[in-house]
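Accompanying notes for the structure given below.
2 protein chains.
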Amino acid sequence: MLGTKLYGPGDVRCEEVAEPKILKPTDAIIKLSASCICGSDLWPFRGANEVTEPLAMGHEYCGVVVDVGSAVKTVKPGQFVVGSFCLSDNTCPHCKFGFQSSCEQREFMTGAQAPFARIPLADGTLVATAELPSDDLIPSLLAVSDVLGTGWYAADAAGVQGGGTAVVVGDGAVGLMGVLSAKQMGASRIIAMSRHKSRQDLALEFGATDIISERGDEGVALIKELTNGVGADSVLECVGTQESMSQAVNCARPGGKIGFVGVPHGVTFDGQNLFFQQKSLLGGPAPVRRYLPYLMDLVLDRTINPGKVFDLEIPLADVAEGYRAMDERRAIKTLLRV
Amino acid sequence: MLGTKLYGPGDVRCEEVAEPKILKPTDAIIKLSASCICGSDLWPFRGANEVTEPLAMGHEYCGVVVDVGSAVKTVKPGQFVVGSFCLSDNTCPHCKFGFQSSCEQREFMTGAQAPFARIPLADGTLVATAELPSDDLIPSLLAVSDVLGTGWYAADAAGVQGGGTAVVVGDGAVGLMGVLSAKQMGASRIIAMSRHKSRQDLALEFGATDIISERGDEGVALIKELTNGVGADSVLECVGTQESMSQAVNCARPGGKIGFVGVPHGVTFDGQNLFFQQKSLLGGPAPVRRYLPYLMDLVLDRTINPGKVFDLEIPLADVAEGYRAMDERRAIKTLLRV
Chain A
7 MLGTKLYGPG DVRCEEVAEP KILKPTDAII KLSASCICGS DLWPFRGANE
57 VTEPLAMGHE YCGVVVDVGS AVKTVKPGQF VVGSFCLSDN TCPHCKFGFQ
107 SSCEQREFMT GAQAPFARIP LADGTLVATA ELPSDDLIPS LLAVSDVLGT
157 GWYAADAAGV QGGGTAVVVG DGAVGLMGVL SAKQMGASRI IAMSRHKSRQ
207 DLALEFGATD IISERGDEGV ALIKELTNGV GADSVLECVG TQESMSQAVN
257 CARPGGKIGF VGVPHGVTFD GQNLFFQQKS LLGGPAPVRR YLPYLMDLVL
307 DRTINPGKVF DLEIPLADVA EGYRAMDERR AIKTLLRV
Chain B
7 MLGTKLYGPG DVRCEEVAEP KILKPTDAII KLSASCICGS DLWPFRGANE
57 VTEPLAMGHE YCGVVVDVGS AVKTVKPGQF VVGSFCLSDN TCPHCKFGFQ
107 SSCEQREFMT GAQAPFARIP LADGTLVATA ELPSDDLIPS LLAVSDVLGT
157 GWYAADAAGV QGGGTAVVVG DGAVGLMGVL SAKQMGASRI IAMSRHKSRQ
207 DLALEFGATD IISERGDEGV ALIKELTNGV GADSVLECVG TQESMSQAVN
257 CARPGGKIGF VGVPHGVTFD GQNLFFQQKS LLGGPAPVRR YLPYLMDLVL
307 DRTINPGKVF DLEIPLADVA EGYRAMDERR AIKTLLRV
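Listed in order, the protein sequences are those of chains A and B.
First residue of the first sequence: 7, per the numbering used here; consecutive thereafter.
First residue of the second sequence: 7, per the numbering used here; consecutive thereafter.
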C-alpha cells in the first residue's frame with residue numbers, strides 16, 4: 007500500500023510500504039475512511055525536531071476495523087471507530103484520572119497517513135459508533151481524533167465556563183477548534199487572535215465574537231481594553247512559542263487559567279512572574295480519549311461541524327503538496343483521501 | 007511607641023517610631039493584640055532582597071480598632087478585627103473574582119511589628135468579630151492574617167479534595183498550616199516533607215499521615231512509592247527555591263495540581279517539561295481576604311488551632327532575637343507581645 011514517510015526537513019514522500027499486521031494481541035487494524043495532516047507534523051517538516059530515520063507520518067484517524075488481536079474485546083471487524091492520537095489502555099490510574107495522554111502504557115500513534123493502520127491498545131483507545139456514519143460526517147469524526155480533541159482540552163484546561171471570556175492565541179486548526187470548543191462550553195465572549203482573513207472568517211463561523219489581529223504587547227493591550235482592563239478568564243494557547251505563550255499569560259486575568267496545547271519549543275516561565283501575576287497553567291498532549299464519546303455524539307447528532315476546518319482535500323499520493331500548502335499557510339488543514 | 011525596622015541584612019531593630027495616624031479617609035488604626043514574624047521577613051533579613059532604606063517590618067495583625075477615617079463604614083472603634091497582609095478594596099473585579107491579592111488598589115501591609123498600625127483600605131481589608139475573642143484565641147486569629155491564609159490558599163490552589171492525596175513541600179510555618187488546611191479539606195493522605203523532629207511532630211499533630219525526610223529525587227521516589235507509583239493529586243509548595251519547586255512538580259501525578267506560595271527566588275519552569283508532565287500550576291500571594299470569614303469562624307468555634315505554630319513568644323523589644331531564632335531554625339514562628 008501507499009504510506010507517508012518523512013525523510014528530513016521538507017522531504018516528505020508517499021511510497022510503497024508494507025501493510026500493517028497484528029503484532030500484539032491488543033492490536034487492531036483499521037481501514038481508514040480518511041486521513042489528514044496535523045500542524046504538529048510541520049515541526050519535523052520544518053526541521054524543528056531532528057529526524058534520524060524516516061518517520062512513518064500520521065496520527066489522526068478514523069475508519070472501519072478489519073482485524074483484531076486475540077485479546078481485543080470491545081471492538082470487532084466491521085465497526086466504525088475513532089481513536090485518539092495518544093494510545094492508552096484506559097485502565098491505569100492516569101487514565102482513570104482522565105489523563106489518558108499520560109497512560110502508563112502510552113504510545114503515540116504513527117503511520118496513519120495511509121489506507122490502513124495498526125492501532126495498539128485497541129480496547130483502551132478506540133470508540134465505536136452504533137452504526138456506520140454517513141460519508142459527509144467523516145471529516146468531522148476524523149477531526150475528533152486530535153485537532154478537535156486538542157482544542158477541546160485547551161478550553162477545558164483553561165476552565166472555560168458559561169458566560170466567561172475566552173481568548174484563543176493561534177489561528178491554526180487547533181486554535182479554530184478551540185474557538186468552537188469555547189462556544190460549545192458556553193463562553194459568552196470569545197476573542198480570536200488572528201491576522202489571516204480566511205481564518206478570521208472561520209473563527210467567526212465557529213463562534214468567535216471578536217477578532218484581534220495585533221500581537222505581543224499591542225494585542226494584550228487590546229484584550230485588556232475589550233475586557234474593561236480586567237483580562238480574560240480563560241486563555242487557550244495553541245501555538246507553542248515563547249512569544250505566543252507570553253501573550254497568553256499576559257492576556258489572562260489574575261486567577262485566570264491558561265490551557266496550553268501548542269507543543270512548547272523553547273518556552274520557559276519565570277517563577278516570580280507567574281507568582282505575582284497569579285495565572286494558572288495546565289497543558290500537555292490532550293487526553294482525547296476522555297472526550298471521545300461526548301465529542302463523537304456532538305458530531306453524529308450534527309450539533310457541531312468541526313470538519314469545516316479542512317480547507318484542502320487531496321489524494322494521499324499528493325501528501326507532499328498537503329504539507330507544503332500548510333507550511334506556506336495556503337491551507338489551514340489538509341484532508342487526505344486514502 | 008516601639009516599632010521594628012530592618013536596616014540591612016541581619017540588622018533588625020526595635021526603636022522609637024511615630025504612632026500611626028489616619029492618612030486617608032479609608033484608613034483605620036488598630037491596637038494590635040499581638041504581632042509576629044513571617045518566614046518571608048527572613049528574605050530581606052538574609053539579604054535576598056536589596057534594602058535601600060530602613061523598612062518598617064510586620065504585615066500580620068489582629069487587634070482592636072481605635073480610630074477610623076471618615077469614609078470607613080464596616081468597622082468601628084472598639085471592634086476586634088483581623089485583616090489580610092494584602093490590603094484590598096474588595097470591590098474591584100479582581101477582588102470579586104476572589105483574587106483580592108491582585109486588587110486594583112492592592113498594597114502590602116507594613117509596620118505591624120508594633121503596638122499600633124495603620125490599615126489602609128479598612129473596609130475592604132478588615133473583618134470584625136461579633137464580640138471580643140478570648141485571649142487564648144489571639145495567636146490563632148493572628149495566624150489567619152497570613153500564615154494560615156497562605157497555607158489554605160496553597161491547599162486550595164492545589165485542588166485538595168476529600169479523599170485525595172496531598173504532599174506538602176516545606177516544613178516552615180506555612181507548610182505546617184498547609185498540612186492543617188489539607189486535613190480540614192478532607193485529604194485522606196497528607197505527606198509532609200520534613201527533616202526536623204519538632205516540625206515533623208507538629209505536622210503529625212496538624213494531620214499529616216506520613217513524613218518523608220528525604221529531598222530531591224530520593225524524596226520524589228518515596229512519594230511515588232507511597233502512592234503506588236502514581237504521584238500526588240495535590241502538592242503544596244511552601245518554600246520558593248528551584249529545588250523545592252522541582253520536587254513539588256515531580257511529586258504530582260499527571261493532571262495533578264501544584265499550589266505554590268513560597269515567593270519564588272530564582273525559579274524557572276521549562277515549558278516542554280510542564281507540557282509532557284501535564285502538571286497544573288497556580289501560585290501567588292494568597293488572597294487571604296477571600297478566606298478570612300470562614301477561617302475566623304473555624305478558629306472562633308475552636309475547630310482548628312493554628313496558633314500552635316507559634317513556638318516562641320517574646321516581647322516586641324526583643325524582636326531581633328525572634329528573627330535570629332527563626333533564621334537559625336531554633337523557632338518555627340515567633341509571636342511578639344506588643
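By construction, the Cβ of each residue, glycine as well, lies at the ideal position given by its N, Cα and C atoms.
If one requires a minimum length of 3 residues, the beta strand (DSSP E) runs lying completely within the segment 302-335 of chain A are 318-321, in chain order. Taking C-beta atoms under 8 Å as the contact rule, residue 86 of chain A and residue 70 of chain A qualify, at a distance of about 6 Å. Rounded to the nearest whole angstrom, the C-alpha separation of residue 36 of chain B and residue 103 of chain B is 28 Å. Straight-line measurement puts the Cα of residue 267 of chain A at about 29 Å from the Cα of residue 139 of chain A. Contact residues of the segment 81-99 of chain A toward chain B are 99 (C-beta to C-beta distance below 8 Å). With fewer than 16 other Cβ atoms inside 10 Å of its own Cβ, residue 29 of chain B counts as exposed. Using beta-carbon distances, residue 212 of chain B does not count as an interface residue toward chain A, since no partner is under 9 Å. Within chain A, the residues placing a beta-carbon under 9 Å from that of residue 108 of chain B are 259, 260, 261, 282, 283, 284, ordered along the chain.
For the C-beta of residue 251 of chain A, the chain B residues within less than 9 Å are, from N- to C-terminus, 277. The beta carbons of residue 123 of chain A and residue 130 of chain A sit no closer together than 9 Å.
Chain-ordered, the chain B residues with CB closer than 7 Å to the CB of residue 270 of chain A read 277, 278, 281. CA-to-CA, the gap between residue 320 of chain B and residue 127 of chain B works out to about 30 Å.
Our two residues, residue 229 of chain A and residue 256 of chain A, have alpha carbons roughly 9 Å apart in a direct line.
Here the alpha carbon of residue 190 of chain A sits roughly 11 Å from the alpha carbon of residue 169 of chain A.
Taking C-beta atoms under 8 Å as the contact rule, residue 175 of chain B and residue 253 of chain B qualify, at a distance of about 6 Å. A distance below 7 Å between beta-carbons, with the five flanking residues on each side excluded, links residue 285 of chain A to the following residues of its chain, in chain order: 255, 258, 262, 264. The beta carbons of residue 68 of chain A and residue 152 of chain A sit about 11 Å from each other, so the pair does not count as a contact at 8 Å.
Residue 195 of chain A is bridged by DSSP to A:171.
In this structure, the beta-carbon distance from residue 143 of chain B to residue 313 of chain B falls below 9 Å. Leaving aside the five residues that flank residue 187 of chain A on each side, the residues in its chain whose CB is nearer than 6 Å to its CB run, in chain order, 157, 158, 161. Chain-order list of chain B residues neighbouring residue 236 of chain A: 99, by C-beta distance under 7 Å.
Taken through DSSP and simplified to helix, strand or coil, residue 224 of chain B comes out as helix.
Around the CB of residue 82 of chain B, fewer than 16 other CB atoms lie within 10 Å, so the residue is classed as exposed.
Taking a Cβ-Cβ threshold of 8 Å, none of the residues of chain A is close to residue 316 of chain B; the smallest such distance is about 26 Å. Identification of chain A residues near residue 171 of chain B by a Cβ-Cβ cut-off of 7 Å yields none; the smallest Cβ-Cβ distance measures about 11 Å. The CB of residue 208 of chain B never comes closer than 9 Å to any CB in chain A; the least such distance is about 26 Å. Note on geometry: alpha-carbon atoms of residue 332 of chain A and residue 338 of chain A lie some 6 Å from one another. Using a Cβ distance threshold of 9 Å, residue 147 of chain A and residue 226 of chain A do not count as a contacting pair. Secondary structure note for residue 269 of chain A: it is in no alpha helix (DSSP H), with a DSSP letter that is neither H nor E. Taking all protein chains in view, the Cβ of residue 66 of chain B is crowded by 16 or more other Cβ atoms within 10 Å, so the residue is classified as buried. Going by DSSP, residue 185 of chain B is part of no beta strand (DSSP E) but of the alpha helix (DSSP H) stretching over 179-190. For residue 325 of chain B, the closest C-alpha among the options B:242, B:287, B:48 is that of B:48.
Contact of residue 287 of chain A with chain B is assigned, a C-beta pair being separated by under 9 Å. Per DSSP, reduced to three states, the secondary structure at residue 20 of chain A is strand. DSSP, reduced to helix, strand and coil, places residue 212 of chain B within a helical segment of the structure shown. In the structure shown, the three-state DSSP call for residue 247 of chain A is coil.
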